[in-house]
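Have a look at the structure below, then the notes.
There are 4 protein chains.
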Amino acid sequence: MLYFDSDYMAGAHPEVMRRLMETNLEHTVGYGLDEYSEEARRRIRAECAAPDALVQFFVGGTQTNATAISALLRPYEGVMAASTAHINVHESGAVERGGHKVLVLPSYDGKVSARDVAGYIRDFYRDDTYEHMVAPGMLYITQPTELGTLYTLEELEELSRICRETHIHLYLDGARLGYALASTAADFTLRDIARLCDVFYIGGTKCGALFGEALVAANPKILPHFFPIVKQHGALLAKGRLQGIQFATLFTDDLYVRIARHANELAMKLRAAFEQKGWPVVIDSPTNQQFVKLPNEVMDQLRLSASFEIWGTRGETETTVRFVTSWATTEEDIEQLISLI
Amino acid sequence: MLYFDSDYMAGAHPEVMRRLMETNLEHTVGYGLDEYSEEARRRIRAECAAPDALVQFFVGGTQTNATAISALLRPYEGVMAASTAHINVHESGAVERGGHKVLVLPSYDGKVSARDVAGYIRDFYRDDTYEHMVAPGMLYITQPTELGTLYTLEELEELSRICRETHIHLYLDGARLGYALASTAADFTLRDIARLCDVFYIGGTKCGALFGEALVAANPKILPHFFPIVKQHGALLAKGRLQGIQFATLFTDDLYVRIARHANELAMKLRAAFEQKGWPVVIDSPTNQQFVKLPNEVMDQLRLSASFEIWGTRGETETTVRFVTSWATTEEDIEQLISLI
Amino acid sequence: MLYFDSDYMAGAHPEVMRRLMETNLEHTVGYGLDEYSEEARRRIRAECAAPDALVQFFVGGTQTNATAISALLRPYEGVMAASTAHINVHESGAVERGGHKVLVLPSYDGKVSARDVAGYIRDFYRDDTYEHMVAPGMLYITQPTELGTLYTLEELEELSRICRETHIHLYLDGARLGYALASTAADFTLRDIARLCDVFYIGGTKCGALFGEALVAANPKILPHFFPIVKQHGALLAKGRLQGIQFATLFTDDLYVRIARHANELAMKLRAAFEQKGWPVVIDSPTNQQFVKLPNEVMDQLRLSASFEIWGTRGETETTVRFVTSWATTEEDIEQLISLI
Amino acid sequence: MLYFDSDYMAGAHPEVMRRLMETNLEHTVGYGLDEYSEEARRRIRAECAAPDALVQFFVGGTQTNATAISALLRPYEGVMAASTAHINVHESGAVERGGHKVLVLPSYDGKVSARDVAGYIRDFYRDDTYEHMVAPGMLYITQPTELGTLYTLEELEELSRICRETHIHLYLDGARLGYALASTAADFTLRDIARLCDVFYIGGTKCGALFGEALVAANPKILPHFFPIVKQHGALLAKGRLQGIQFATLFTDDLYVRIARHANELAMKLRAAFEQKGWPVVIDSPTNQQFVKLPNEVMDQLRLSASFEIWGTRGETETTVRFVTSWATTEEDIEQLISLI
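So the sequences go chain by chain: L, S, D and W. According to the working numbering, the first sequence is numbered sequentially starting from 56. According to the working numbering, the second sequence is numbered sequentially starting from 56. According to the working numbering, the third sequence is numbered sequentially starting from 56. According to the working numbering, the fourth sequence is numbered sequentially starting from 56.
Encoded structure:
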């Protein structure tokens, strides 16, 4: 069977596993206060050109989002996000469990528009009854989005400008950030992200780690007393060094971006093959997720040999499906898949 | 000045005040365990033909909604509601503070459609990832809606049927229920409401009381241990008899509906006057809220003598405004207002 | 029957009712933005010598406490309180529902000691694991306490000093504040309270109003964006003027303290009668609550003619009971009760 | 340096690491729906003699407790626990963040007494005001306790009986359950735990895994719709198989108990050495945590070569400290430590 369901189906990149094995019998203090975690923080700060940055490790994305949003928002504030945003759809209401409303904006292939964001904020304060409504306190974006698309540097600059002018936090969910940074379409760097967003996270789970996400705030004062808040959310890993070792490894010799580039390249090959076949690629994604509309008979045949997700519901005659590559996808996997379509 | 901003600008109906005065020096136990509260519950149960109903008094609508929704939903569930629903717009995120997501449905002049409700539930369980999403656990509707419109009996029957088939609570916010029951367009009774909804509330604040809402659940088992939950929400009034006396009075000699009918009739007069003037009545509301589009110069002139709300934002040349009548609006008020337009 | 169960068994002081009747048919804007609420705020600010104070009205005490505590604490903080504190015992976990822990201190007849408070804070930060624990963010005290006792001015000064030195909010629950201010044992004024506490509330429900509490923060910056937080807690009264009218009346001609003084005087008469009988007054309360240990046969006989609460559980041969007076208690009530014991 | 601070200072048992390495490149579905997780659940169910048991994996203890408590309690309920309980002290208020109060009982070297539990429940319902108080809905115990002590089978039977008679959930936090099961003092089995507790968890983090806890409910109906609740708490691991592989390994050939037995034996050697020296062992712990009172000069000297925790605060002349062994502690470590004292 060929696996294209998602980018978290295999374990960790072998280099990451090697380091976990090497260090396994060492004793260190817990909760991320160890030397490996410190090294990882140092490497991330350097890569972000944010020498004072708070870097806090988490185990998974929902946990990261829920904790950061709780810590950043005041009780009467909500978080603006695209209708397709992970926090709005696929986190079982974790944001609401934390007491905050998701303020939904239109999604353009996964992205929000600066125009909509600015408009929402402006209209909110123009409404005579705004004190009875949930105030926008944060903008949540994903890079790449849930649909594989990217914000350009100009778009990020514009969103950042609007947020700073209106005193709203800009938060970037980078569950798949590696694939964004490695994309040939990327005109931004990690430094840009760190400079333009108040808080963001560098995804590990989907980008080469066993698990783990690194939350970064260039200005640490934005998240005071964050440690007990992390603990309170059940998000503090006892053996924090596991996250430290993994991120230190991923941020050595550019491993994080290198393995994502590999996945992107394979995704592009796949996309070319779909296009050649004449099957409509429904979203212009320059990253590791590709969405294509397949005739149902093709899809059904293909499912016998490959696993992938139906995107939405099965259509009458054709259905949109998603293929995802990762560091664990091989050239052979792709060639075999292409040979089957 | 003529007051048409809302239906909570005056105190209580004089008959309600008379009873509060008469009983003021009596001593009773607190928290709604007194005889007046019991009398009110008895009268409401009789009117609802729901002899076993749980009847719990609250002070205001947001509090009522937040408490009932918290009590009815399980942690992973959310509440479906029209985009225009009070809980979605004007309760400062009280539902989310309680940990639950509002699942937004299209609003048709304030109403949800049975088709959309059924479709939402069906699509939810068809989605392979539904266990990562907020499950619909309740449908919230308002009667009359925030836009003054009414669900017909057939529509209520249909929504109730869908909810019962799918094991979803049907909750009706009756902040202005009096105006619905008293409407000439109403083809339903309070008994129908009590029969078709799992939980609903009879609004007092906007319908003749100083304050107070009466939550009703025909089957009390749906809200076990509700008393401490009410207390926990800060919603338990020490001198609960104040609510008892008010509702007992409103439910004597049909006062509740009589005073709402008066308000509706005046609203209809006003509407007729607008139509005669040729100003578009933008929503077909058979209750005490009327929405009309006025030329800006007319609106500005009128505001010198009358108060009313702009609905949304001021337009370039004309603006939609809302006029609200209540038990406290007099024939003279309406005649004077009409003479000014 | 003679009523001594509590101080919220009758309606409002006749003067308060008179004003509610007089103004009943007036139209005003809602939510406390009216002139009566403004007048009440002005009077309270003057009485507190706190010209910039935020004054926000609530309906009841649990609601007031829950909203203020939510607004003041950061997620990782808890509130220190005596084990007997109302928030720790009788609010059905409203503080915890808001996400915060009550950090329990020993209760000395309802009071905390400065020594314990200082010790708790000191020990907390000395503990190596304090970042895994709930940080003390607020001290909650009641004046008078649930047991009728009073903090002296010196004690309040000391608690305030500790709190300010350690950057912890001092919050005073004044559900029965009138009885404290009117006590012959009081060596403090309302100005002292306003000066020494960051936030406190002046109780109306138990002190002459139908309902209502006035939260005061001398420095309004301590509660930014408080309005939507109040709304979110379901604590914003539509007809806010009802609270304004009541507090404006209570703070005219010293009515608030005068009626409490009357209640205290009657309580002292009762206490003297108990002492004369030789029944042990178990708490030295200089306010309107009196706790006495009665032989069971006396208690049982008395209950035929008078209502009052058992404090804790019935003893083998004697039982501690509580008698509460209020503005509504008359000289005749007390004389009659004394004649019965 | 010799490490005795805690039982989570090293990585995973080599056998666990070996299996993680072996399976690393395999592709599986996520979220615990894979074959390894299923195998682990099967093994755990067998070991518990609970064929229908719900077994849900978590990453850490605080997360496990918070999620289970949220799922089990109704809004008005709280959880009884010893004052020393981890949820009461060292989880940064995670239970309260979930909306529930910890109802504190006396701690006898970490344990609650059946007498206190029964008394608390009885007194609660005898209190006339109990509907204004937080109802006991669960009893939380730890096995071994935070102080290394154990409940006997008889004690567990008694607590279970009380809980079932009063319809209160019995929850057992087994963060260190291996050390309990492996103790020479243990007169209970895992089957007893599964039979007597409604819900409990088998700790992995402190007992041989990199991370992970396995929550078990013999009757799965007690936790309906648990999956989205886990997700909502940010506690669902994407690569759930990591937990499956670890627990399947630990529950093969009795590895889980074998490695704990090793740790206990070393702890007993250490204890004997302390006793021989005449230093008071302050708690009679038959598991891997040992508490001893050391003269300060001995302690200070020892800290140059060994790490361990001060328990509480440093005393004037002697101080209580904690030594913890684990699967990673060697005979040599213990001998070296003993040679130093």
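Think of the CB as a built atom: it goes at the ideal place given N, C-alpha and C, for glycine as much as any other residue.
With DSSP collapsed to three states, give me the class of residue i.
i, result
"W/R326", "helix"
"W/Q118", "helix"
"L/S362", "strand"
"W/G148", "coil"
"S/H155", "coil"
"W/G267", "coil"
"S/V337", "coil"
"S/Q344", "strand"
"W/D51", "Past the edges of chain W, shown from 56 to 396, lies residue 51 of chain W, and the structure says nothing about it."
Output needed for residue i: all residues of its chain with C-beta closer than 7 Å, excluding positions within five of it in sequence on either side, in chain order.
i, result
"D/D247", "L208, L211"
"L/A264", "A67, V71, Q301, L305"
"L/V312", "G233, L236, A237"
"S/Y185", "F179"
Leaving out five residues on either side along the sequence, give the residues of the same chain with a beta carbon under 6 Å from the beta carbon of residue i.
i, result
"S/I176", "P191, T221"
"W/N274", "none"
"S/L251", "L211, S215"
"L/G133", "H155, K156, L158, V189"
Verify the CB distance criterion: does residue i have a CB-CB separation below 8 Å to chain L?
i, result
"D/F282", "yes"
"W/A67", "yes"
How about residue i and residue j: are their beta carbons less than 8 Å apart?
i, j, result
"D/G115", "S/A121", "no"
"D/L214", "D/A149", "no"
"D/A126", "D/I223", "no"
"D/R16", "D/K276", "Outside the displayed range of chain D (56 to 396) lies residue 16 of chain D, so it cannot be described from this structure."
"D/Y256", "D/G229", "yes"
"L/V189", "L/L160", "no"
"D/T204", "D/S340", "yes"
"L/L57", "L/A361", "yes"
"W/V353", "W/V337", "no"
"S/V376", "S/I365", "yes"
Assuming residue i and residue j make a contact with CB atoms under 8 Å, what is their CB distance in whole Å?
i, j, result
"L/H280", "D/Y131", "6 Å"
"W/H82", "L/A65", "5 Å"
"W/S162", "W/S138", "5 Å"
"S/T384", "S/P199", "Not a contact, Cβ separation roughly 17 Å."
"W/G295", "W/F113", "10 Å between Cβ atoms; not a contact."
Determine whether the Cβ of residue i lies closer than 8 Å to any Cβ atom of chain D.
i, result
"S/K294", "yes"
"W/H224", "no"
"W/R98", "no"
"L/H82", "no"
"S/R231", "no"
"S/A149", "yes"
"S/R152", "yes"
Counting contacts by CB-CB distance shorter than 8 Å, is residue i in contact with chain S?
i, result
"L/H288", "no"
"L/T44", "No answer is possible for residue 44 of chain L: the residues shown for chain L start at 56 and end at 396."
"D/S61", "yes"
"L/Y131", "yes"
"W/S381", "no"
Would the beta-carbon of residue i be found less than 7 Å away from any heavy atom of the ligand MG?
i, result
"D/F59", "Among the ligands in the structure shown, none appear at all, so the ligand MG cannot be discussed."
Leaving out the 5 sequence neighbours to the left and right, which residues in its chain are closer than 8 Å to residue i when beta-carbon positions are compared?
i, result
"L/C103", "L245, R246, I248, A249, V271, A273"
Counting contacts by CB-CB distance shorter than 8 Å, is residue i in contact with chain W?
i, result
"S/H145", "no"
"D/T368", "yes"
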